[in-house]
Each structure stands twice: as structure tokens, then as C-alpha cells.
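Per UniProt numbering, residue 1 is the first one in the sequence shown, and the count goes up by one each step. Ideal Cβ placement from N, Cα and C applies to all residues, glycine included. Since the structure is predicted, the reported quantities are computational estimates derived from the model, not experimental observations. To start, the structure itself, in C-alpha cells.
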Amino acid sequence: MAISEVALLCLSYSINDIFKPDAQFLENEKRYEEVKKTTLGEGSKDDADVDSDAGSDDEDDEESDEEDEEKMEIKDETGTNPVNLRRTIYLTIMSSVDFEEAGHKLLKIKLEPGEKIDWKASFSFLNFYLNLSRVSEVRYSFTYIIMAPAAATASADSVKPRDVCIVGVARTPMGGFLGSLSSLPATKLGSIAIGSALKRAHVDPSLVQEVFFGNVLSANLGQAPARQAALGAGIPNSVVCTTINKVCASGMKATMLAAQSIQLGINDVVVAGGMESMSNVPKYLAEARYSFTYIIMAPASATASADSVKPKATMLAAQSIQLGINDVVVAGGMESMSNVPKYLAEARILSFFKANDGMHPIDINFTKGSRLGHDSLVDGMLKDGLWDVYNDYGMGVCAELCAEQHKVTREEQDDYAVQSFERGIAAQDSGAFAWEIVPVEVSGGRGKPSTIVDKDEGLGKFDAGKLRKLRPSFKETGGSVTAGNASSISDGAAALVLVSGETALKLGLHVIGKITGYADAAQAPELFTTAPALAIPKAISNAGLEASQVDYYEINEAFAVVSLSNMKLLGLNPEKVNVHGGAVSLGHPLGCSGARILVTLLGVLKQKNGKYGVGGVCNGGGGASALVVELL
Numbered sequence: 001m002a003i004s005e006v007a008l009l010c011l012s013y014s015i016n017d018i019f020k021p022d023a024q025f026l027e028n029e030k031r032y033e034e035v036k037k038t039t040l041g042e043g044s045k046d047d048a049d050v051d052s053d054a055g056s057d058d059e060d061d062e063e064s065d066e067e068d069e070e071k072m073e074i075k076d077e078t079g080t081n082p083v084n085l086r087r088t089i090y091l092t093i094m095s096s097v098d099f100e101e102a103g104h105k106l107l108k109i110k111l112e113p114g115e116k117i118d119w120k121a122s123f124s125f126l127n128f129y130l131n132l133s134r135v136s137e138v139r140y141s142f143t144y145i146i147m148a149p150a151a152a153t154a155s156a157d158s159v160k161p162r163d164v165c166i167v168g169v170a171r172t173p174m175g176g177f178l179g180s181l182s183s184l185p186a187t188k189l190g191s192i193a194i195g196s197a198l199k200r201a202h203v204d205p206s207l208v209q210e211v212f213f214g215n216v217l218s219a220n221l222g223q224a225p226a227r228q229a230a231l232g233a234g235i236p237n238s239v240v241c242t243t244i245n246k247v248c249a250s251g252m253k254a255t256m257l258a259a260q261s262i263q264l265g266i267n268d269v270v271v272a273g274g275m276e277s278m279s280n281v282p283k284y285l286a287e288a289r290y291s292f293t294y295i296i297m298a299p300a301s302a303t304a305s306a307d308s309v310k311p312k313a314t315m316l317a318a319q320s321i322q323l324g325i326n327d328v329v330v331a332g333g334m335e336s337m338s339n340v341p342k343y344l345a346e347a348r349i350l351s352f353f354k355a356n357d358g359m360h361p362i363d364i365n366f367t368k369g370s371r372l373g374h375d376s377l378v379d380g381m382l383k384d385g386l387w388d389v390y391n392d393y394g395m396g397v398c399a400e401l402c403a404e405q406h407k408v409t410r411e412e413q414d415d416y417a418v419q420s421f422e423r424g425i426a427a428q429d430s431g432a433f434a435w436e437i438v439p440v441e442v443s444g445g446r447g448k449p450s451t452i453v454d455k456d457e458g459l460g461k462f463d464a465g466k467l468r469k470l471r472p473s474f475k476e477t478g479g480s481v482t483a484g485n486a487s488s489i490s491d492g493a494a495a496l497v498l499v500s501g502e503t504a505l506k507l508g509l510h511v512i513g514k515i516t517g518y519a520d521a522a523q524a525p526e527l528f529t530t531a532p533a534l535a536i537p538k539a540i541s542n543a544g545l546e547a548s549q550v551d552y553y554e555i556n557e558a559f560a561v562v563s564l565s566n567m568k569l570l571g572l573n574p575e576k577v578n579v580h581g582g583a584v585s586l587g588h589p590l591g592c593s594g595a596r597i598l599v600t601l602l603g604v605l606k607q608k609n610g611k612y613g614v615g616g617v618c619n620g621g622g623g624a625s626a627l628v629v630e631l632l
């Protein structure tokens, strides 16, 4: 077998739609033939003759090697430095299922998108057929670059200079509450997602110009959580980072703000996403500083003085006006440092501080108002993430109201929840999530071996029989919302690497898709559950599309009734919504979910041959965000 046949051997998988050679491979093939003709001559010994050399004595082989090596040297573009011709083959894997199969069948190793594999190290079976140990050094060698599934190299026809291009995505598995990822703070999960997304995008961290990252439950994380996650992923100190809190829509809003900065020409390379570790949210000693609990401050006034206005908020408001998204915007800032509670950080996880560089448990020092007697603990997760401050009740009560208004029964909600689990399990078993998930290594501690978490933890706890028997969680009499048909408390992070079309073309990046439209909407706080039905049509219109052109939707399953009611209001085909499951089965880390559904949506479009997809997510306070992507 000749060396030229090695490429045919590997590329034969394209017949089975596993691999396809891209334009770069074809260009390299053409270049190789030209160099071979001019360097070796028309009548020279071709690759097919190499096998016959194996029978000659060593001395003759060495002379032949030296002669061939000398002949195969060519000049680079400057014409000054001789280099050995090196052939590069780009193998683009067509789907996530084949991605895993190709890793086992062809390379016998696990593949990572963008990984460069030298055949001498990984294609050991070739040495069984060929005497390549010396031939590769004399003639040429192969580098196999494994590309992400169904990516398209940016071209001027498909990408315009200020288009917002998605070139890399990654998410962690969704860890269960107090589960497999609970020893890792949100910022660590964020670093893992960001680093993996950059690696998959082939974008060096030094090229990143700004980071927008969502996080809702920031208590005890320390200053600027988004910046912690960014620096932890190797992004330089000079890069500006902003933490976004729009409750459940934080990750999507962060992506929208990143897109705005690219559209306006402010940035060319931006990382966006979200992170949350609900397991690590502390409990508060709300009365430790004063004898009353802390107060939620009213929004900043439009007449706030220049000294009180937060510059970044004003900049983001200005961007929305410049893009024509809004005409009248209120911007500003607020803080009551007097009313900040103290945290009982170990109230939820006793090992939390050990997982954070050996810190010691805090010593609660009671000041003014905390006198003799008991102090009450406030659950930070419930208070700042799962509670409607306007009506003073849990978000589940809003879900009950939604079920009543839109006549969604308990049976329908349970059926939907079961379907969410079944779809999620099917996607996991088929390898559909392999494209988006980055495995997370979790230390075992005290000499125990580390574990690798690479699957969404909630999917392993499914029991349809038990789910249907659960008691209502928010309304004892006549209630329909349960722990089984609501989203699960979870830990996780997701990240997207966005670049301008100009940069994608310049760097030759493989573009997964483009962000073509987005929108926010809001209504009464208690009606937050159906706000996506307002935001989604606006986003589709902003993208210049009709609803009939949308192939798939991801609507965040804060509760089963959220997806059911929004599908009803929008007249959507259930077979096009959350086809790989959703937050009910996978989990709902608040600050992460808006970004997670975008990552999953891109995977669905790839594997289902879709073109346009829409993600929508409701958020506490009555709002929602929606975003449209176009797969390339």
C-alpha cells in the first residue's frame, strides 16, 4: 500500500457520511501534485513504488532516503527557507454520533474538535502495512486535524463583516443539587466552559476582547464572578469582564450584549455565557447587621446624578439605542451596603471551604441589632433566585397561576415532564450531547481518585411512576405543580465564542452559525411564565424571518407548564420544541440556562438538518429573552 493510499483509506469513511474532506484538504492535494511534478519529475518513482524499497538492503535504503529527502525540499513563499512538504488532511465529522463512532473505529482514541493528530502517534495500524518510519521523514508526513461536526469555513458569500458568528460552544454536564459537581464553585465551572469553547473554536484566549457572563446567585463567590471565570480560563488580565444578572435569562442576555458589541464594531472577539452552582449558595444571617432584614432597593431614578450612575449600565443602554433596539432607556445603579447580610457559608455544604483553597469557616461577628436570642437563617437560593419579591411568594405559585389561566392540567404537566426525561435520555444514549458537553474532572479528596463527570446527572434519577405520584409543592388543595414537573436545582456552566464576520474570514475560522436576531419582553411579575410568547415573535421579526421558517425551538422548562402554555400561545408543533429534553430533566442552573439552551439548540439544528432555531427563556420579575440563530 502506498502513502497516497493512506489518505484514501482514511477518507473512505466519507462514503458512509462520517468524514468529508474540506476545501483546505483539496487545496493541499493540488499543491502536493504540483510540487511532486516539478520536484520529482514526470518519470520519477511515485509513492506506489515505496513498498519495493522494503526488500533492498539497509545501505541502499539510506542512500535512497537521503536522495529523496533532498529532492522533496521546496521553497516557502519567500523563496529562502527550504521546508519539507507536509500534507495536512482535515477530517470533518458529520454528526455527534459518528463523532464518537469515528473515535473508536478509526483512531481508537477519543476525539476532540480541533485536535491535531500525527499519524505516527495515533495511526499505529498503518505501520503494520507500510514501512513508514523512514518514508514519512523522507517523503512527507500526514497531520490529521479533527474538525467539529458540520462546521462551515467562513466565506464572503455566507458571512458579512459585522455578522455575529458563533465559532465555538461548550457546556459542562448539569450536576444535580448537592451532587457530582457540588464541590466546584460557579466560577470554576465557568472557567471550564470558557476554556473548552475557546479550544474548540481555535481561538487563542489572548484574542478575546470582552467577556459577558451570567450569574444569579453570586453570594460568597467573591468580587466580579465573570472576571474570575475568564481569568481562570487563561484570558488575559487586560480583558474587560461583566457579570450579568437577569435571573434565568442571564446567560442569554449576556450573549445578546456580546452580540450588540460586535454589531456596533466595539469588539470582534467576545465570550458569552453563564454559570451557576446552586449547591454552593450560602444561607444568610439577615439580621446580623441590623435588627431588620435587608431591603430590596427601588430601581435607580432616571434623574440620578452623574456620581451615582454606573458607567457600564449606561454604556449598555446606549448600545441598545444605537442599534435601534430601544428609544427610551433608564440606566443607573443602586446599592445599600448597610443592608448586606452576613453569610453562613457552611450551612449547605460543609466541605465547601476545603474546595476553595483551604479557607477556614467564617467567624460570625454579630454587630448592632443581633442581641441575645436566636437569629433566623435566610436561604440565599430561595431569596435571590426562586422568590417573587413583588408578591412575596415562590415562583411555583406563579406556575400554578399559569396552569389555571391556560387550563393546563396536572396530567398534561406530568406527561410533558416524562417526555422531557425520555427525550433527554434518548439524546444522551445516542451521543447527541457529546458535541456540546465537556467532561469535568472532580477531585476525590484525601487521596481518593478523581472522577470524570460527563453526563447530565438528573437523567439518571428518572422514575415515571414516582413522578406521577408526587404531591403538589406550592398549592396543597388543587395544585398541579410538583417537584417532578418543575425544573431541578442544578449546577453548571455554558459558553459561546462570538466573533465578527470580518474576523472569522480573516482567521479562517469554522463558523457554526450566526446570531441573526434577539429581543426582550416583559409583563406583570406574576405572569413571567408566558413572557417568552412575547419575546419570541419579536426576535423572529428582528431576524427578518417568519415563524414558519423556524425549524426548532428551545423554550426553557422552568416548569412544564411554561413550555406547554407558550407552545399553546404561539401555536407551536411540540415535535419542534425541546427535542432533546429540557430543564425539567437536564436541570436548571439559573445563570447558565439561557446559554445552555443556545448550545443545545445549535446541536439540534446540526443533527436534525435544520437551518433556523429560536431559544426563549422566561425570567423572574415578569421578563423573558429570545434569540434567533442561523446554522451555517
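Consult DSSP for residue i and reduce its assignment to one of helix, strand or coil.
i, result
"residue 472", "strand"
"residue 526", "helix"
"residue 631", "strand"
"residue 160", "coil"
"residue 128", "Confidence is the limiting factor: at residue 128 the pLDDT is only 32, short of 50, which leaves the residue's position unreliable and the question unanswerable from this model."
"residue 221", "coil"
"residue 401", "helix"
"residue 325", "coil"
"residue 195", "helix"
"residue 561", "helix"
"residue 367", "Here the model assigns residue 367 a pLDDT of 38, short of 50, so the residue's position is not dependable, and the following value carries that caveat. Three-state DSSP puts residue 367 in coil, outside helix and strand."
"residue 94", "In this predicted model, residue 94 has a pLDDT of only 36, less than 50, meaning its place in the structure is not dependable enough to derive any value."
"residue 489", "coil"
"residue 452", "strand"
"residue 231", "helix"
"residue 624", "strand"
"residue 377", "strand"
"residue 204", "coil"
"residue 519", "strand"
"residue 384", "helix"
"residue 394", "strand"
"residue 292", "Here residue 292 scores only 37 on pLDDT, less than 50, and its place in the model should not be relied on; the value that follows carries that caveat. Coil at residue 292, not helix or strand."
Tell me which residue opens and which closes the alpha helix (DSSP H) that residue i is part of.
i, result
"residue 412", "410-430"
"residue 335", "It is not in any alpha helix (DSSP H) - residue 335 carries neither H nor E in the DSSP assignment."
"residue 584", "583-586"
"residue 538", "532-542"
Residues bridged to residue i by DSSP?
i, result
"residue 171", "437, 494"
"residue 165", "499, 514"
"residue 482", "472"
"residue 550", "Answer is none; residue 550 lacks a bridge partner."
"residue 265", "The partner list for residue 265 (beta bridge, DSSP) is empty, contrary to what the question assumes."
"residue 176", "490"
"residue 442", "451"
What residue does the beta strand (DSSP E) around residue i start on, and which one ends it?
i, result
"residue 618", "612-619"
"residue 597", "No beta strand (DSSP E) contains residue 597, which is instead part of the alpha helix (DSSP H) from 590-607."
"residue 210", "210-214"
"residue 272", "269-277"
"residue 636", "Coverage of the chain is limited to positions 1 through 632, which leaves residue 636 absent and any answer about it impossible."
"residue 576", "No beta strand (DSSP E) contains residue 576, which DSSP labels as neither H nor E."
"residue 283", "283-285"
"residue 342", "342-344"
Given a cut-off of 8 Å, decide if residue j and residue i are closer than it, judged by their beta-carbon atoms.
i, j, result
"residue 604", "residue 580", "yes"
"residue 242", "residue 312", "yes"
"residue 485", "residue 595", "no"
"residue 175", "residue 215", "no"
"residue 180", "residue 442", "yes"
"residue 474", "residue 400", "yes"
"residue 169", "residue 211", "no"
"residue 535", "residue 417", "no"
"residue 509", "residue 166", "no"
"residue 173", "residue 440", "yes"
Since I believe residue j is in contact with residue i (beta carbons under 8 Å), could you give me their beta-carbon distance rounded to a whole number of angstroms?
i, j, result
"residue 646", "residue 569", "Residue 646 lies beyond the stretch modelled for the chain, which goes from 1 to 632, so this question has no answer here."
"residue 587", "residue 490", "3 Å"
Can you find a CB in chain C that lies within less than 8 Å of the CB of residue i?
i, result
"residue 159", "The question asks about chain C, but that chain is absent: this structure has only one protein chain."
What do you reckon, is the C-beta of residue i under 7 Å from a heavy atom of the ligand NAP?
i, result
"residue 523", "By its list of ligands, the structure shown contains no ligand whatsoever, and the ligand NAP lies outside what it can speak to."
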